[in-house]
Structures are given as structure tokens and as C-alpha cells.
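Novice: Shown below is the structure under consideration.
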Amino acid sequence: MNALLIAVSICLAGYSLLRVWQSMEVVEPENLFQKTAGAPARKTSSVRQTLQTLNWRVEPLMLAAILLAVSFCVFFVFLEFFPESMALAALSGAALTLVTFFAITDASSFIRHRFEQKLIDALDLIQAAVAGGVSPQRAMRVAANASRGAVARELNEVVDRLDYGLPIEEAIERMRYRYDSEGVRLFRQALLAKWHSGTDFAPLLKSVSSLLRERVKLRIQIDGQLSGSRYAAIFAGALPYLLVPLFFWKEPNWFEPLKNSENGAAYLLAGILSQVVGYLWLRRILRSEL
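Below you can see the structure in the form of C-alpha cells.
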């Protein structure tokens, strides 16, 4: 039985590494347009895009290796307490790996939403500068100088690429790749319309900014209504593990009855899996893609 579980774990790990390796065979954001004419565009790896948003300079294969290492650590820690429960240890390691991966994805989504929210103020500055007679390229530089963080960095990158003579599609592509959201895509389409058709840029930006403000306002309202559930999920998920060191400090033998019980491993795993299922269910409820 143990050999079968180990074989299944190795097969699953190998399959996961193969999928990640295949996801690496995509075009890098800096080289998206360095391809031969007429060549079909390949699909972008969502894992690589998530890492770019988080500004983590690791490859998807390295991320898979880290998650696999964490899974094995949990596996062996569980076996240290319950040596006869290899299947339960494997399930606990897989559950933690799954939750960690979803947490990374949610962090990336949060950063994209924050970027979109801050981009609205930059769009207002660009619209005001264009209305005052400044060229769109110079207006983006003005907005970048008045902004901070990722918005300033990405707008400066767009202007620098335009100064180097790159087409507008290549100039805006890194921003779209790293912070892909509805707001960034609308901003990209506005720039394409201006550069290719000569559309009046100021009214177009004003419409885009107004639309994004309503979108962000609705998202904030939804987040406010779901804030109670969000904090309940955080406390329910983190508080038990924060209390474990306190229990060991106050009562070093508090874990012995569960460890010595015949069904102790099953009880512990049931609690962990209940937390994982609750986390995934609350995550589905709390996610609002507007």
C-alpha cells in the first residue's frame, strides 16, 4: 500500500512538472513581437503572467519545485506525528500545496485590481494634459512623473519604448501582460485608436476614465458587503495555527491525547480538509471579477 501511494505521488509530481514545463514554452513579455511575420501567436502562460505581476523573478518550474518541496515537508511532518498514516499525510501535503497556489493567484489578482484603481488617476492627468494641448506621448510622461509605484514605472516604460521608435502595440504590451485587467485593456484600445485612426484623445480618455470609476466603485461596494465574510475566513483559517505555539508554551503535553488516539490522524486530517474546503468555497464567493 505504501509503495502504491509513493508511486502515485511520483506520477502526479511528474505530470505537474510536465505541465509547468509546457507552460514555459511561451513568448516572454519583452519578446512578444520578435517573431516571424505570419507566425501564429502562442497562448500566454497564466502561471508566468502571475509571477510577472507579483514581480517574482522565478520560472514556473522553480515555483512548482518550491510548492513540491513544501508539500513534502508537510508530508514528513505529518508522518513524524502519525507514522502509520501515509495516505493522510499525502492528502495534507497536497491540500496545503493547493491552498498556497490559490493564495498566490489571489495575490496577483489583488495587485492587478490595485493597479487598475491607481491607473484611473493617471488617466485623468493624461486627459487634462491632452485637453491643454500636450501631445499624448508627453501627457503620459507628465502623468508618470505625478504618479508612484507600478503606474509610474509602466507609463515611463510606454513612453520610453515610443521614444525608441517602437509601434504602440509593442510599447503598451508589457503593461497589458503584467497587469492584465479590463482597465488596462481599455487604455490599450484607446491608445491604439489614437495612434492608428487619429481619434480625439481627450474625450476618449474621459469616457474610459468614467467607465473605470464606475467599475471600481461597484467593486468597492461589493467588497464592503463581503468584508465580514472575508475577515471570518482569515480568522478561521489562520487563528488555529497561531494558537498552536501558545498551546505548546502553556501546556507542552496538550497534543499527546490526539497523537496517541487510534483515530487521531483522521480527526486532524478532517479538520485540515474542512479548512481547505471552507477556504475554497469562501474564495469562490468572495471573488468578484468586475
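Note that the working numbering has the sequence shown beginning at 3, numbered continuously upward. Ideal Cβ positions, reconstructed from N, Cα and C, are used throughout, including at glycine.
How would you write the range of the alpha helix (DSSP H) that S211 sits in, first residue to last?
Specialist: From DSSP, the alpha helix (DSSP H) with S211 extends over 203-227.
Novice: Helix, strand or coil for F78, going by three-state DSSP, please let me know.
Specialist: Looking at F78 - three-state DSSP - the assignment turns out to be helix.
Novice: Starting from the C-beta of R143, find all residues in its chain whose C-beta is less than 6 Å away, skip the five residues before and the five after it, and write them out in chain order.
Specialist: If we look at R143 and ignore the five residues flanking it on each side, its Cβ neighbours are V161.
Novice: State the Cα-Cα distance for the pair F112 and G280, rounded to the nearest angstrom.
Specialist: Whole-angstrom Cα-Cα distance: 20 Å.
Novice: Considering only C-alpha positions, which residue in the set E258, K219, L70 is nearest to F83?
Specialist: For the residues E258, K219, L70, the minimum Cα distance to F83 belongs to E258.
Novice: Would you report the Cα separation of Q36 and F78, rounded to the nearest angstrom?
Specialist: The predicted model places Q36 with a pLDDT of 42, which falls under 50 and marks its position as unreliable; any figure quoted below should be read in that light. The straight-line gap from Cα to Cα measures roughly 46 Å.
Novice: Which of the three DSSP states, helix, strand or coil, is assigned to E184?
Specialist: Three-state result, E184: helix.
Novice: Please identify the residue among F250, M88, L206, V278 whose C-alpha is closest to the C-alpha of I236.
Specialist: When only C-alpha atoms are compared, the closest one is V278.
Novice: Let's test the definition: count the other Cβ atoms within 10 Å of the Cβ of Q309 and tell me whether it reaches 16, buried, or not, exposed.
Specialist: Nothing in the structure corresponds to residue 309, since the chain is present only between 3 and 292.
Novice: Is the separation between the beta-carbon of G185 and that of L121 shorter than 8 Å?
Specialist: The answer is yes: Cβ separation under 8 Å.
Novice: Give every residue of the same chain whose Cβ lies closer than 7 Å to the Cβ of W283, excluding the five residues on either side of it in the sequence, and list them in chain order.
Specialist: Excluding residues within five positions, none has a Cβ falling inside 7 Å.
Novice: Taking S229 as the reference, give the member of S199, R285, F249 with the closest Cα.
Specialist: Closest option to S229, Cα to Cα, is R285.
Novice: Between the beta-carbon of A124 and the beta-carbon of V153, is there less than 8 Å?
Specialist: It is a contact, given that the beta carbons lie within the stated cut-off.
Novice: DSSP three-state label for L168, please.
Specialist: Residue state, collapsed to three classes: coil.
Novice: Would you be able to state if there are at least three C-beta pairs under 8 Å between the segment 251-270 and the segment 83-98?
Specialist: The segment 83-98 is in contact with the segment 251-270.
Novice: Reducing DSSP to helix, strand and coil, say where R293 ends up.
Specialist: The question about residue 293 has no answer, for the chain in this structure spans 3 to 292.
Novice: I need the DSSP call for W197, collapsed to helix, strand or coil.
Specialist: Correct three-state label for W197: helix.
Novice: When the distance is taken between beta carbons, is E118 closer than 8 Å to L206?
Specialist: Contact flag unset, no.
Novice: Let's test the definition: count the other Cβ atoms within 10 Å of the Cβ of G151 and tell me whether it reaches 16, buried, or not, exposed.
Specialist: Result: exposed.
Novice: State yes or no: is the C-beta of L288 within less than 8 Å of the C-beta of R221?
Specialist: Contact flag unset, no.
Novice: Among the candidates V136, P62, A131, whose CA atom is the shortest distance from the CA of I106?
Specialist: Here the closest residue by C-alpha is P62.
Novice: So, with DSSP's three-state summary, where would you put R114?
Specialist: Correct three-state label for R114: helix.
Novice: Quick check on the burial criterion: 16 or more other C-beta atoms within 10 angstroms. Buried or exposed for T55?
Specialist: It is buried - the Cβ of T55 has at least 16 other Cβ atoms within 10 Å.
Novice: Whose CA, out of L194, K196, L188, A238, lies closest to the CA of R217?
Specialist: Cα-wise, what sits closest to R217 is L188.
Novice: Measuring straight from C-alpha to C-alpha, what distance separates G95 and L248?
Specialist: Cα-Cα distance, rounded: 24 Å.
Novice: Looking at the secondary structure, which residues open and close the alpha helix (DSSP H) in which N265 lies?
Specialist: Per DSSP, N265 belongs to no alpha helix (DSSP H) and is neither H nor E.
Novice: Measuring alpha carbon to alpha carbon, tell me which residue in W251, L244, K208, V49 is nearest V132.
Specialist: Cα-wise, what sits closest to V132 is K208.
Novice: At what residues does the alpha helix (DSSP H) containing N147 begin and finish?
Specialist: From DSSP, the alpha helix (DSSP H) with N147 extends over 138-148.
Novice: Hey, how far is the Cα of A240 from the Cα of M64?
Specialist: Going by the C-alpha atoms only, they are around 26 Å apart.
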